[in-house]
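Student: Below is a structure I'd like to ask you about.
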Amino acid sequence: MDYQKILEEIKSKVDIVDIISEYVNLNKTGQNYKALCPFHSEKTPSFFVSPTKQLFHCFGCGKGGDLISFLMEYEKISFQEAISMLASRVGIELSISTPSSLTKDKFYKIYDITANFYLSKLKESDLVKKYLKNRGIDEKSIEKFKIGYAPKDKNSLYKHLKSHGFDENLIRLSRLINKEEDFFQDRIMIPITDSTGRIIAFGGRSLEDSINIPKYINSPETPIFKKGDTIFGLYEAKQHIRQKGYAILMEGYLDVILSHQYGFSNSIAPLGTALTFQQLNKIKRFTNKILLSFDSDKAGIKAVERCMSLLLQAGFIIKIVVLPQGEDPASLLQKFGEKMFKIHISKALTPVEFYLKFSDKKTLIEKVNEALSQISFIRNLLYREELLKELSEKSSIEELTLREELKKISNKQREKNFFSSKGKSLLLNEEEILLIIGIFYPEKLDFIFHKIDMEMIENSQVREIFIKLKDNFRKENFSINNFLNNLNESQKSLVSKLIITSEINEESINQNLMDCIKKLKIKAIDKKIKEIGKSGDKEYLSKLIKEKRDILRFLNEGL
Ligand SMILES: [Zn+2]
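Per this note's numbering, the very first residue in the sequence shown carries number 333; after that it's consecutive.
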C-alpha cells in the first residue's frame with residue numbers, strides 16, 4: 333500500500349490544530365497555538381502548534397513533528413496505526429491491516445476472550461454472585477463493567493486460551509499466564525479498558541480480606557497496557573464527564589463501579605494511588621474540573637494532598653469531598669444511598685478550606701504557607717485570585733500580606749524555571765535560517781549548495797539535514813513532506829522547532845538568504861585567518877583577507 337499517497341490525502345483533509353486540540357487545551361498566540369506540553373510536566377506552556385505549517389514543537393522537551401508524529405507519541409502507536417486511525421476518521425478505506433496493528437489486535441482479542449471466560453465463570457458461581465450482591469453491586473453494573481471471576485484453579489484460563497488456538501508465545505506475552513499458572517486465581521475480575529472501550533488489563537480483587545494476600549492485584553504491563561497511562565472507568569464516564577462538566581476522582585474500582593450504579597456516572601479512578609501526568613492529560617480531554625473523593629482516613633488525606641498539587645499544576649480547578657470518618661464512596665453509597673453522597677458533594681471543600689482544616693501542618697502560619705505555595709502553581713489568574721481572596725478571609729491575614737508572600741514564592745519558582753531552561757534561546761542563527769529557507773523554498777537549494785560548502789556548517793545536526801537535502805532534492809519525486817518523513821526523530825524535532833520559531837517573510841527571503849550565506853562565508857574565512865595567523869604564513873593570510881573583501885563586495889551586489 334502506498335502510505336505516502338494516503339498520508340498526502342489525509343493531510344489534505346485534517347487539520348493538526350483540530351486533532352491536537354482534542355488532546356490538549358490549545359490557546360491562540362499570534363500565528364500559532366500554544367499549550368502545556370502533554371509529553372512532559374511543565375507550568376508555563378512551551379508546546380506550540382503551527383496551523384500554517386501543520387507542525388508542532390515543544391521547546392521544553394524537544395518533541396516535535398507533524399500530526400502523525402504527535403499521534404504516535406501520544407497514543408503510543410506505530411506509524412501505520414496512526415495512519416489508519418486518521419484514515420478511518422476522514423473516511424479513507426485502507427485495504428490491508430498492518431503487521432504491528434495485527435499484533436496489537438491479537439492482544440485485544442486475547443483479553444476480550446479472557447474477559448468472556450471470567451464472565452462465564454461468574455455465572456457458574458453462586459458464592460461469588462452472592463459476594464458481589466453483599467458488596468452492593470447489582471446485575472446491571474456487573475454487565476456494564478463486565479465483571480467476572482477467575483476460578484480457584486491453576487490453569488483453567490490457560491487451557492481455555494489454548495482451546496481458542498492462541499499460540500504459546502502470545503499467551504506468554506499477554507502475561508495472563510505466569511510460569512505455567514494462571515496469573516489470577518480465585519479473584520473477582522474487573523476489566524480495565526482504554527478510552528475507546530477495549531479491554532487491555534484486569535484488576536483482580538481477592539474474595540477474602542486477609543493480610544496474607546494482597547487485596548488487589550493488577551495485570552502486568554503489556555504492549556497494550558501502561559498502568560500510568562490508564563484511568564479506570566474513563567470509557568464509561570467520558571460522556572457524563574462532558575455533560576456534567578466535571579469528573580469525580582476516586583481511589584478504588586469498587587468506588588467507581590458503585591458510584592456509576594448510583595448515578596454518579598462521571599466517576600473515575602487511577603490504577604493504584606499514584607496519579608500521573610499522562611493520566612491527567614487523558615482526563616483533560618473531557619474536563620478541567622475535578623472533585624476528589626478519597627477515603628477519609630489518614631492515608632486518604634495524604635493522598636489528597638499529593639494529588640492536589642499535581643492537579644493544580646496541571647491546570648485543574650478542584651474541590652475535595654470529605655466523607656465521614658472511616659467511609660469511602662462505596663461504603664457510604666451502600667449504607668446511606670445517593671442522597672447522602674450528594675450532600676457531601678455539595679459540601680465539598682475548596683483547596684484553601686482543605687489546607688486550613690486538614691493539612692498535617694500544625695500552626696496557622698504553616699498551613700497558610702502551604703496553601704500559598706499550592707496557589708503559586710495555578711496559572712489561571714482568576715482562579716488564583718479567587719483562592720487568594722478566600723485564603724485571606726478564612727485565615728484573617730491581610731490580602732496584601734498574602735500577595736507579598738505569594739510574589740516571593742512565585743519569584744523563587746520562576747528563578748528555578750529560568751535556570752532549568754537556560755541555553756534554549758529562541759533566536760535562530762544563520763545556519764538554522766538557511767535550513768528553513770531551503771526547506772520552504774526548495775527552488776533556492778541549487779543556489780545554496782552552489783554557495784556553501786557543507787563543512788562551513790558548524791552545527792552537526794543542521795549539517796546532516798543539509799547533506800540529506802543535497803542528496804535528495806534533485807530527485808524527481810522530491811517533496812518536502814516526503815523529506816521530513818525520512819528524517820530521524822531528533823532531526824524531525826529540530827526541523828519542526830525551526831519551522832515554528834521562524835517567521836520568514838516572503839518579501840525579504842532573498843535578503844535573508846544572502847545575509848546568511850555572507851555570514852557563513854565570512855565565519856569560515858575568519859576561522860582560516862585565525863589558523864593561518866598562528867603559523868604566520870603572511871602570503872596566504874593576505875590572500876584570505878582579499879577573498880573576504882571580494883565576498884563582501886560580491887554579496888553586497890545581491891543576487
Ligand atoms: Zn514537552
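Even glycine gets a Cβ: it sits at the ideal position worked out from N, Cα and C.
Name the DSSP bridge partner or partners of Val381?
Tutor: DSSP lists Tyr365, Phe388 as partners of Val381.
Student: Buried or exposed: where does Ile675 fall if 16 or more other Cβ atoms within 10 Å of its Cβ makes it buried?
Tutor: Result: exposed.
Student: Could you give the residue range of the beta strand (DSSP E) that holds Arg537?
Tutor: Per DSSP, Arg537 belongs to the beta strand (DSSP E) from 531 to 538.
Student: Between Lys616 and ligand 1, is there a pair consisting of the residue's CB and a ligand heavy atom that are separated by less than 7 Å?
Tutor: The answer is no for Lys616.
Student: Am I right that Lys366 and Pro377 are in contact with their C-beta atoms under 8 Å? What's the rounded C-beta distance?
Tutor: The pair is a contact, with the Cβ atoms about 5 Å apart (cut-off 8 Å).
Student: Pop quiz: Ile849 and Ile784 are said to be a contact at Cβ under 8 Å. What is the actual Cβ separation, rounded to whole angstroms?
Tutor: Contact holds; Cβ gap of about 6 Å.
Student: Answer with yes or no whether the minimum CB distance from Arg574 to chain C is below 8 Å.
Tutor: Reference to chain C is not applicable here, since this structure consists of a single protein chain.
Student: Taking DSSP's pairing of strands, which residues face Pro523 in a bridge?
Tutor: DSSP, once it has assigned bridges, lists Phe534 as partnering Pro523.
Student: Compute the distance between the beta-carbons of Ala662 and Leu603, then report whether it is under 8 Å.
Tutor: No, the pair does not count as a contact, with Cβ atoms beyond the cut-off.
Student: Just the C-alpha distance for Tyr594 and Asn544, rounded to the nearest angstrom, thanks.
Tutor: Rounded to whole angstroms, Tyr594 to Asn544 spans 32 Å at the Cα level.
Student: So Ala662 is in the beta strand (DSSP E); what residue range does that whole segment cover?
Tutor: Premise fails: Ala662 lies in the alpha helix (DSSP H), 661 to 678, not in any beta strand (DSSP E).
Student: Looking at the structure shown, is Pro602 part of a helix, part of a strand, or coil, going by DSSP?
Tutor: Reduced to three states, the DSSP call for Pro602 is strand.
Student: Please return the same chain residues whose Cβ sits closer than 6 Å to the Cβ of Phe750, not counting the five positions on each side in sequence.
Tutor: Residue confidence is low: Phe750 scores 38 on pLDDT, short of 50, so the model does not pin down where it sits. No coordinate-derived value is stated.
Student: Round the Cβ separation of Glu583 and Asp692 to the nearest angstrom and send it over; I've been treating them as touching at under 8 Å.
Tutor: The Cβ separation is near 19 Å, so there is no contact.
Student: Compare the Cα-Cα distances from Asn550 to each of Cys369, Gly536, Glu762, Glu722 and report the closest residue.
Tutor: Ranking Cys369, Gly536, Glu762, Glu722 by Cα distance to Asn550 puts Gly536 first.
Student: Is any heavy atom in ligand 1 found nearer than 7 Å to the beta carbon of His372?
Tutor: Checking the Cβ of His372 against ligand 1 gives yes.
Student: Quick one: grab the DSSP three-state call for Glu762.
Tutor: If DSSP states are grouped into helix, strand and coil, Glu762 belongs with the helices.
Student: Helix or strand or just coil, what does DSSP make of Phe618?
Tutor: Residue state, collapsed to three classes: coil.
Student: Kindly give me the distance between the Cβ atoms of Thr528 and Tyr578, rounded to whole angstroms, as I take these residues to be in contact under 8 Å.
Tutor: That belief does not hold up - the Cβ atoms of Thr528 and Tyr578 are roughly 22 Å apart, past 8 Å.
Student: When the Cα atoms are used, what is the spatial distance from Asn501 to Glu553?
Tutor: One C-alpha to the other measures close to 16 Å.
Student: Buried or exposed: Ser628, going by 16 or more other Cβ atoms within 10 Å of its Cβ?
Tutor: Counting Cβ neighbours within 10 Å, Ser628 comes out buried, since at least 16 surround it.
Student: Mind checking which residues open and close the beta strand (DSSP E) that includes Ile549?
Tutor: Taken as a continuous stretch (DSSP letters only), the beta strand (DSSP E) holding Ile549 covers 548 to 550.
Student: Is Ile469 helix, strand or coil when you go by DSSP?
Tutor: Here Ile469 sits in coil by DSSP.
Student: What would DSSP say about Thr528, mapped onto helix, strand or coil?
Tutor: Three-state result, Thr528: coil.
Student: Lys721 lies in the alpha helix (DSSP H); which residues open and close that run?
Tutor: From DSSP, the alpha helix (DSSP H) with Lys721 extends over 713 to 727.
Student: Is the segment 397 to 408 close to the segment 345 to 356, with three or more CB pairs under 8 Å?
Tutor: Output reads yes: the segment 345 to 356 touches the segment 397 to 408.
Student: Where does Phe750 sit, in a helix, a strand or coil, going by DSSP?
Tutor: Residue placement at Phe750 cannot be trusted, given a pLDDT of 38 that sits under 50; the coordinates are not used to answer.
Student: Mind checking whether Glu763 and Ile789 have CB atoms under 8 Å apart?
Tutor: Going by C-beta atoms, Glu763 is nearer than 8 Å to Ile789.
Student: With DSSP as the reference, label Asp858 as helix, strand or coil.
Tutor: Three-state result, Asp858: helix.
Student: Thinking C-alpha only, which one of Ser452, Leu418, Arg467, Ser874 is nearest Lys667?
Tutor: Among Ser452, Leu418, Arg467, Ser874, the Cα nearest to that of Lys667 belongs to Arg467.
Student: To which residues of the same chain is Ala703 closer than 6 Å at the C-beta, ignoring the five residues directly before and after it?
Tutor: Excluding positions up to five away in sequence, the list reads Val684, Tyr687, Leu723.
Student: Tell me the rounded alpha-carbon separation between Ile615 and Asp561.
Tutor: Taking the straight line joining both Cα atoms gives about 11 Å.
Student: Reducing DSSP to helix, strand and coil, say where Phe779 ends up.
Tutor: Helix.
Student: Which runs of the beta strand (DSSP E) spanning at least 3 residues fall entirely within the segment 435 to 468, listed in chain order?
Tutor: Fully enclosed beta strand (DSSP E) runs of 3 or longer: not present.
Student: Check whether the segment 849 to 865 and the segment 816 to 823 touch, using three or more Cβ-Cβ pairs below 8 Å as the test.
Tutor: No, because fewer than three Cβ pairs between the segment 849 to 865 and the segment 816 to 823 fall closer than 8 Å, the two stretches do not touch.
Student: Please report the residue range of the beta strand (DSSP E) in which Leu581 lies.
Tutor: 579 to 582 is the span of the beta strand (DSSP E), which, as asked, contains Leu581.
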